[in-house]
Amino acid sequence: MRFPISWRVAAPLSLLPILIAGCSAAETSSPTSAPSPAVVAVTNCGTPVTVTHPPARVVTMNQPATEIMLALGLQDRMIGTAYLDDEILPDYAAAYAKIPVLAKEYPGKEKLLEAEPDFVYAAFNSAFSDEGVGDRAEWQKLGVGTYISPAGCPKETRPPKLAISDVFTEIREIAAIFGVTDQAEALIADQQARIDKAAGNANGNGTRSMWWDGGSDAPSVGACCGGPNMVMAATGVTNVFADVGGSWADTSWETVVERDPDVIVLVDASWDTAAKKKAFLAGHSTLKDLPAVKRQRYVVIPFSCTVAGVRNVLGIEALAQGIGALPAKAGN
Numbered sequence: 003m004r005f006p007i008s009w010r011v012a013a014p015l016s017l018l019p020i021l022i023a024g025c026s027a028a029e030t031s032s033p034t035s036a037p038s039p040a041v042v043a044v045t046n047c048g049t050p051v052t053v054t055h056p057p058a059r060v061v062t063m064n065q066p067a068t069e070i071m072l073a074l075g076l077q078d079r080m081i082g083t084a085y086l087d088d089e090i091l092p093d094y095a096a097a098y099a100k101i102p103v104l105a106k107e108y109p110g111k112e113k114l115l116e117a118e119p120d121f122v123y124a125a126f127n128s129a130f131s132d133e134g135v136g137d138r139a140e141w142q143k144l145g146v147g148t149y150i151s152p153a154g155c156p157k158e159t160r161p162p163k164l165a166i167s168d169v170f171t172e173i174r175e176i177a178a179i180f181g182v183t184d185q186a187e188a189l190i191a192d193q194q195a196r197i198d199k200a201a202g203n204a205n206g207n208g209t210r211s212m213w214w215d216g217g218s219d220a221p222s223v224g225a226c227c228g229g230p231n232m233v234m235a236a237t238g239v240t241n242v243f244a245d246v247g248g249s250w251a252d253t254s255w256e257t258v259v260e261r262d263p264d265v266i267v268l269v270d271a272s273w274d275t276a277a278k279k280k281a282f283l284a285g286h287s288t289l290k291d292l293p294a295v296k297r298q299r300y301v302v303i304p305f306s307c308t309v310a311g312v313r314n315v316l317g318i319e320a321l322a323q324g325i326g327a328l329p330a331k332a333g334n
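Quick note, my numbering runs 2 ahead of the 1-based positions in the sequence shown.
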């Protein structure tokens, strides 16, 4: 395997803050330029990661990781991608088309070895499982840096309750690792302004919502602490399952009826479409009489907007706009 000699991964260390050696504006103005070496140290999912030079041969796995790299203008550092849940965002489609796709899902260890990466960035811990590319620690022993989105860390090291600020922290850490901090701040400022505008226009305060991710026998709903609740909270919507632990949780239709949400968010995914969900609700002997079902008080949001990343702002905007366009609750 070929790995740049400037790349090193530190041995286990205590928790480290981000340490960034100063870079001039000229050095950070273009992600495709060759910035001066800088030491960056972060603790990611409990694992210390230290880089002495911005990585140059990166493989991303999972849509959120891929799109964060593209949003930061780092496509020239990407030698491979894998595992999309949706079409790439139009703004990044041209850049993405030039990057090799290593596999439809996870590429496997041997395939990844063939690509000779110096850094692997994934949105979910499952990427480093036996069904993925193998143990994260083994890659670091090979001199390959790794990073997992904080929202996708193992339970014991992920944020206890995901917030937009956690997504922004991830963007800043990735930008620091790659020496493009100015791009990160511009991206975050734009996203925060859009979120503030959406929340201001939502009229969602007091609206009680059920976030239905999938499942018909036992519906999987957005619970207290993951991406769905983050999107609802940012829009000023009350999550009727905020008292349930976890990011997503299985519940019962009897409980849904008891909680009687004002709005039902239908997650649209290829494996469980919003249209399928609507048909199920309309045909269910009990659920069809729920006021939210009778009044078609639905908001449809793509699954890819619910996972921590640059698409969350689209989910927040869609929820805000959807709530504003709904028929009134009166007349149920």
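Cβ coordinates follow ideal geometry from the N, Cα and C atoms, glycine included.
By how many angstroms is the C-alpha of D93 removed from the C-alpha of V312?
12 angstroms
Can you name, in chain order, every residue of its own chain whose Cβ lies under 8 angstroms from the Cβ of R160, other than the five neighbours on each side?
C47, P152, A153 and G154
Whole angstroms are fine: how far does the CA of N64 sit from the CA of K106?
10 angstroms
Would the stretch 312-321 count as touching the stretch 294-304 if we require 3 or more Cβ pairs under 8 angstroms?
The stretch 312-321, when compared against the stretch 294-304, does touch it at the 8 angstroms Cβ threshold.
Pick helix, strand or coil for L316, following the three-state DSSP scheme.
helix
Less than 7 angstroms separating the beta-carbons of R196 and V315?
Yes, the pair counts as a contact, with Cβ atoms nearer than the cut-off.
Could you pull out every residue in the same chain whose Cβ sits closer than 6 angstroms to the Cβ of F121, ignoring the five residues on either side in sequence?
P57, V60 and G147
What residue does the alpha helix (DSSP H) around F180 start on, and which one ends it?
I166 to F180
Taking the straight line between their C-alpha atoms, what separation do you get for T288 and P156?
Spanning the two alpha carbons is a distance of roughly 38 angstroms.
Within a Cβ cutoff of 6 angstroms, which residues of the same chain sit near G216, ignoring the five residues on either side of it in sequence?
Excluding positions up to five away in sequence, the list reads S222 and D274.
If we count the other Cβ atoms within 10 Å of its Cβ and call it buried at 16 or more, is V259 buried or exposed?
exposed
May I ask which residues mark the beginning and end of the beta strand (DSSP E) holding W214?
Secondary structure note for W214: its beta strand (DSSP E) is the uninterrupted segment R210 to G216.
Is T54 helix, strand or coil when you go by DSSP?
coil
One or two residues paired with Y149 in a DSSP bridge
According to DSSP, Y149 bridges with Y123.
Could you pull out every residue in the same chain whose Cβ sits closer than 8 angstroms to the Cβ of A327, ignoring the five residues on either side in sequence?
none
Select from A281, I101 and R299 the residue whose C-alpha is nearest the C-alpha of D262.
R299
Taking the C-alpha atoms as reference points, what is the distance between I190 and A84?
One alpha carbon belongs to I190, the other to A84, and they sit about 25 angstroms apart.
Spatially closest choice to A200 from W213, A236 and I176, by CA coordinates:
A236
Using the C-alpha atoms, what's the distance from A40 back to E214?
Looking at the sequence itself, residue 214 is Trp, so the reference to Glu does not match. Near 44 angstroms, if we compare the C-alpha coordinates of A40 and W214.
Could you spell out where the alpha helix (DSSP H) holding L283 opens and where it closes?
A276 to G285
Taking only the alpha-carbon atoms, compute the straight-line gap between Q77 and A277 and give it to the nearest angstrom.
35 angstroms
One question on the structure: do V42 and I179 come within less than 7 angstroms of each other, judged by their Cβ atoms?
Yes, these two residues count as a Cβ contact at 7 angstroms.
Over what stretch of residues does the beta strand (DSSP E) that includes A84 continue unbroken?
M80 to A84
7 angstroms Cβ cutoff met for G224 and L164:
no
Give me the Cα-Cα distance between D291 and Y98, rounded to the nearest whole angstrom.
46 angstroms
Look at the alpha carbon of N241 and the alpha carbon of E116, and state the distance between them as a whole number of angstroms.
45 angstroms
Using the C-alpha atoms, what's the distance from G324 back to S35?
Bear in mind that a pLDDT of 42 at S35, under 50, signals an unreliable position, so the number given afterwards is only what the model happens to contain. Rounded to whole angstroms, S35 to G324 spans 42 angstroms at the Cα level.
If you measure between the beta carbons of R174 and A188, is that distance less than 7 angstroms?
no
Residue from G202, F170 and G181 whose Cα sits closest to the Cα of Q193:
For Q193, the nearest C-alpha among the options comes from F170.
Decide if E69 is buried, meaning its Cβ has at least 16 other Cβ atoms within 10 Å, or exposed.
buried
For a test of the three-state rule: what should DSSP assign to L104, helix, strand or coil?
strand
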